[in-house]
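Student:
Residue numbers (mature numbering (1 follows the signal peptide of the UniProt record, and there is no 0)): -24 to -1, 1 to 271.
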């Protein structure tokens, strides 16, 4: 596991969205002069957060996924954001960790580091910590549509089908609420019967919405067991199983199920590409004083 962790760390090193003012170029070393202690501040804060509550690494990873597609801002009188959308309400978490990191960064380098960059770095460090900490977490993708729709949604953001399949491997860690997979275990036919029976024991047809189930058989390890589950028709979410259901991604899923290093390398590369979705560089964006709202 140590060698895989090293591979993931080295590849994810470039995943932060660090852009120089007046330029569209992204650089992971942009803050080396203007905020030289940035990486240490974020890493120490994430280590503390995971030590205090082991779920937090994947929670921050989930925020990074969402923030790359939509802006995770608090609602205002004139703005309705994604934070309180149905799938996120009482589910998406970790905002207070980003707030705490932002406070420390502002104390060291006032009005210098963007919230997007802080979240990207925190997500990167969280993934690396997953390889070293045994922890329980909850992470949930709100998408539950057919594969073609998923591929199109990712393509619209500049990500290809293999990126989708690799990024879905984030479900190798964590637990999910019954309400998010009830339809899968009671209605789907492309599901292992024994698996469905096991999950129904803690997720009744009605009630028990908050009851939890692991998303693969090793929810405390960032590994490729998620893909082995898909091959065995044991994907917990309908959208997960669509990746291995006689479609275009069957070969990729089977490949990842047999090769953990291939998965980790592709996951890290896809994280970098996702982090480069429509970055606001130069004067197009702002360094928020508070990550929950615009200045």
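From the three backbone atoms N, C-alpha and C, an ideal C-beta is built for every residue, glycine too. Here the structure is a predicted model, which means the values were calculated and not measured.
1) How close, in whole Å, do the beta carbons of residue 199 and residue 148 come, if the pair is a contact with beta carbons under 8 Å?
2) Expressed to the nearest angstrom, what Euclidean distance is found between the alpha-carbon atoms of residue 168 and residue 243?
3) Looking at the structure shown, is residue 151 part of a helix, part of a strand, or coil, going by DSSP?
4) Among 75, 27, 83, 22, which has the Cα closest to the Cα of residue 11?
5) Using 8 Å as the Cβ pair cut-off and three pairs as the minimum, do the segment 133 to 151 and the segment 177 to 185 touch?
6) By the three-class DSSP mapping on this structure, what secondary structure does residue 188 have?
7) Cα-Cα, which of 230, 208, 195, 223 is closest to residue 33?
8) Quick check: the Cα distance between residue 98 and residue 230, rounded to an integer number of angstroms?
9) What do you reckon, is the C-beta of residue 41 under 7 Å from a heavy atom of the ligand HEM?
10) So, is residue 16 buried or exposed, given that buried needs 16 or more other C-beta atoms within 10 angstroms?
11) Might you give, ordered along the chain, the residues of its own chain that have their beta carbon closer than 6 Å to the beta carbon of residue 252, omitting 5 neighbours on each side?
12) Could you spell out where the alpha helix (DSSP H) holding residue 87 opens and where it closes?
13) When the Cα atoms are used, what is the spatial distance from residue 227 to residue 207?
14) Between residue 225 and residue 165, which are expected to be in contact by the criterion C-beta below 8 Å, what is the C-beta distance as a whole number of angstroms?
15) Just how far apart, CA to CA, sit residue 171 and residue 210?
16) So residue 102 packs on residue 36, CB below 8 Å; how close in whole Å?
17) For residue 72, does the three-state DSSP call read helix, strand or coil?
Tutor: Reading from the atomic positions:
1) Sequence index remark: in the chain shown, residue 199 carries index 223 (1-based). Sequence index remark: in the chain shown, residue 148 carries index 172 (1-based). So it is a contact: roughly 6 Å between Cβ atoms.
2) As a working mapping, residue 168 is identified with position 192 in the chain shown. As a working mapping, residue 243 is identified with position 267 in the chain shown. Straight-line spacing of the CA atoms in residue 168 and residue 243 works out to 27 Å.
3) Position 175 of the chain shown, counted from the first residue, corresponds to residue 151. Correct three-state label for residue 151: strand.
4) Here residue 11 refers to the residue found at position 35 of the chain shown. With distances taken between Cα atoms, residue 11 lies closest to 83.
5) no
6) Here residue 188 refers to the residue found at position 212 of the chain shown. Note: residue 188 maps to strand in three-state DSSP.
7) What you label residue 33 is simply residue 57 of the chain shown in a count that begins at 1. The candidate whose alpha carbon is nearest that of residue 33 is 195.
8) Here the question's residue 98 lines up with position 122 in the chain shown. Here the question's residue 230 lines up with position 254 in the chain shown. Taking the Cα positions, residue 98 is about 30 Å away from residue 230.
9) No copy of the ligand HEM occurs in the structure displayed, which carries no ligand at all.
10) Working through the chain shown from its first residue, we reach residue 16 at position 40. Exposed, since its Cβ has fewer than 16 Cβ neighbours within 10 Å.
11) Position 276 of the chain shown, counting from 1, holds the residue named residue 252. For residue 252, where only same-chain residues beyond five positions count, there are no Cβ hits under 6 Å.
12) The residue you call residue 87 lines up with position 111 of the chain shown. According to the DSSP assignment, residue 87 belongs to no alpha helix (DSSP H), since it is labelled neither H nor E.
13) Counted from its first residue, the chain shown places residue 227 at position 251. Counted from its first residue, the chain shown places residue 207 at position 231. Spanning the two alpha carbons is a distance of roughly 10 Å.
14) If you number the chain shown from 1, residue 225 lands on position 249. If you number the chain shown from 1, residue 165 lands on position 189. About 19 Å; that fails the 8 Å criterion.
15) As a first step, residue 171 must be located in the chain shown, where it is residue number 195. As a first step, residue 210 must be located in the chain shown, where it is residue number 234. So the two alpha carbons sit approximately 6 Å from each other.
16) Here residue 102 corresponds to residue number 126 of the chain shown, with the count starting at 1. Here residue 36 corresponds to residue number 60 of the chain shown, with the count starting at 1. Residue 102 to residue 36, Cβ: 5 Å. Contact.
17) For the purposes of this step, residue 72 is identified with residue 96 of the chain shown, where counting begins at 1. Residue 72: helix per DSSP, three-state reduction.
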